[in-house]
Structures are given as C-alpha cells and as structure tokens.
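Chemist: Chains as they are written, first to last, in our numbering: chain A, 37 to 149; chain B, 17 to 127.
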Amino acid sequence: ETGVTQSPTHLIKTRGQQVTLRCSSQSGHNTVSWYQQALGQGPQFIFQYYREEENGRGNFPPRFSGLQFPNYSSELNVNALELDDSALYLCASSRVGDYYGYTFGSGTRLTVV
Amino acid sequence: GESVGLHLPTLSVQEGDNSIINCAYSNSASDYFIWYKQESGKGPQFIIDIRSNMDKRQGQRVTVLLNKTVKHLSLQIAATQPGDSAVYFCAETDNDYKLSFGAGTTVTVRA
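1. Could you tell me whether the stretch 94-106 of chain B touches the stretch 49-65 of chain B, using the rule of 3 or more Cβ pairs below 8 Å?
2. Quick one: grab the DSSP three-state call for A/L117.
3. Report all residues from its chain with a CB closer than 8 Å to the CB of B/R77; omit the five preceding and five following residues, and keep chain order.
4. Taking CB distances under 9 Å as the criterion, tell me whether B/S42 reaches chain A.
5. According to DSSP, is A/G102 part of a helix, a strand, or is it coil?
6. Closest to A/T56 by CA distance: which of A/S110, A/G141, A/A128 and A/Y136 is it?
7. In chain order, what residues of the same chain lie with their CB nearer than 7 Å to the CB of B/S28, ignoring the 5 residues before and after it?
8. Excluding sequence positions up to five away, which residues of its chain have a Cβ less than 6 Å from the Cβ of A/Y138?
9. Thinking C-alpha only, which one of A/C59, A/Q54, A/G39 and A/Q53 is nearest A/T144?
10. If we ignore side chains and look at the alpha-carbon of each, how far apart do B/G17 and A/F96 end up?
11. Scan the stretch 123-137 of chain A for residues whose Cβ lies nearer than 7 Å to a Cβ of chain B and list them as they occur along the chain.
12. Taking the straight line between their C-alpha atoms, what separation do you get for B/R73 and A/S61?
13. On the criterion of 16 or more Cβ atoms from any shown chain inside 10 Å, does A/P44 qualify as buried, or is it exposed?
14. For A/G76, I'd like the list of residues in its chain whose CB is within less than 8 Å of its CB, leaving aside the five on either flank, ordered along the chain.
15. Give a yes or no on whether the minimum CB-CB distance between A/G78 and chain B is below 9 Å.
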C-alpha cells in the first residue's frame, strides 16, 4: 500500500507567478485535503475535494484553487504568488469522514522571493 | 475566532522520563480530537485520537486525556525515547472535512 506522495518536494517562485503542486492519494482513499503550514505554526486548512468537487474551504482567497481527478489525485494551484505564500503545503487523503485514516504526505516546500 | 492552542511551545525531557504535552481548545462543538507527531521534513503522523464522549484513551506508550469542562487536552508519553523528539500538534474537528491545528510543541529528548 503506497502512502500519499507530493511533488515537487521543493520549489522557488517569484512574486506574482503561478504555481501548481501535485498530490497522489493513498490507495483506497477518495478525498484529498490541502493544508498550508507556515514556519513554526500548525497546518491551516485550505480546502478538501471529494468526487472531484470542493467539499469545504478554509479562510483562503480565491487565488488558491484546486482540482481532483478521477483517480483521486489532486492539484493545488496558487495564482499571483505573494511572499506570505511561502510555506510547506501538505496534502492529506482519506475516505470521506474518516479522520482515523487521514494520511499526510511529506509536503512541498514553496519559497516565494 | 475559534482555535486550538498548546500551552508551551517547547518541552525538554530526560530520556526515560514521562512527557506531558498540553493543549487548550475553544470550539465547544468539537467532537473529535487527534494528536499528531511531525518530524523534520515529514508530514504530520497520527498518534492517537479521542472522541468527545470519552475522557481517556490509551495506546502504546501514549495516553490522551480530555477534559471538556475546561476544554483541555493532554498527551502523555511514557518512558520518552530519543525517537520521540519531534513537534506535537493537537487537532480538533466538528465536521467531516476540516481539521483545526494548534501551533505545536517541540519536544526535545535529552540523553
């Protein structure tokens, strides 16, 4: 059984650019959630996708968007990058409503300069 | 707004001693709580969970205590080992899609 994999592991972007981060769900999981973790802080919920639709959203602006594909993999897109977007972006997969099986990937470290 | 927070940002403990990590939460509607361990360069890893209809749950070397009256959660680690050095987060939820995390406590185990 494979876990949650994220790519790339590290990324450097310039302010104003756009970025796409990718996540492959753990086998058997049908939801994907994205979290932003600033340095020294806990993860903050961005949104969750289930059945290829957004199933809940945190306090993030519309320039944060996502996709879920039929194979349950997912993308997080961030437009018009700002310096404060520098963070570790974590993807978590699970079966809907199942927090016991909530599995996090190792994250993508995004640096905006 | 409602949030989950930890009492202390750092904890230094002697190898072999017991560790206690505390967490305060403010959402009275939360019905499920989880403790996570995050090692450097990795994502959070599930340690133990507890539902709001319980006040104690034990796992292997870990115990979670929940006091709903004062909205307090704690994680006890017995016989702390060097491999327990990490950042520990409590998380809570009242729905089926979003976890709210505290800021974390960094545990350092002294040899």
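Each residue gets a CB set at the ideal place from its N, CA and C atoms; glycine is no exception. These numbers come from a predicted model, not from an experiment.
Modeler: By the coordinates alone:
1. Flag = yes, the stretch 94-106 of chain B and the stretch 49-65 of chain B touch.
2. Against the first sequence, residue 117 of chain A aligns to sequence position 81. Here A/L117 sits in coil by DSSP.
3. Counting from 1 along the second sequence, the entry for residue 77 of chain B is found at position 61. Answer for B/R77: I93, A94 and A95, listed in chain order.
4. Sequence index remark: in the second sequence, residue 42 of chain B carries index 26 (1-based). Taking Cβ atoms only, chain A never reaches closer than 9 Å to B/S42, which makes this a no.
5. Within the first sequence, residue 102 of chain A is the residue found at index 66, counting from 1. Look at A/G102 here: in three-state DSSP terms it is strand.
6. One-based indexing of the first sequence puts residue 56 of chain A at position 20. Nearest C-alpha to A/T56: A/S110.
7. Taking the second sequence and counting its residues from 1, the one referred to as residue 28 of chain B is at position 12. Within the same chain, Cβ atoms closer than 7 Å to the Cβ of B/S28 are found at T124 and R126, the five residues on either side in sequence being excluded.
8. Counting from 1 along the first sequence, the entry for residue 138 of chain A is found at position 102. Hits under 6 Å: A128 and S130.
9. Against the first sequence, residue 144 of chain A aligns to sequence position 108. The candidate whose alpha carbon is nearest that of A/T144 is A/C59.
10. Within the second sequence, the letter at position 1 stands for residue 17 of chain B. Within the first sequence, the letter at position 60 stands for residue 96 of chain A. In this prediction, B/G17 scores a pLDDT of 29, lower than 50, which makes its location untrustworthy; no coordinate-derived value is stated.
11. Answer in chain order: L126, V132, G133, Y135 and Y136.
12. Numbered from its first residue, the second sequence carries residue 73 of chain B at position 57. Numbered from its first residue, the first sequence carries residue 61 of chain A at position 25. C-alpha separation (whole angstroms): 29 Å.
13. Taking the first sequence and counting its residues from 1, one reaches residue 44 of chain A at position 8. Answer is exposed; the Cβ neighbour count stays below 16.
14. In the first sequence, counting from the first residue as 1, residue 76 of chain A sits at position 40. Within the same chain, A/G76 has no close Cβ partners at all.
15. Here residue 78 of chain A is taken as the residue at index 42 of the first sequence, counted from 1. For A/G78, the nearest beta carbon of chain B is closer than 9 Å to its own beta carbon.
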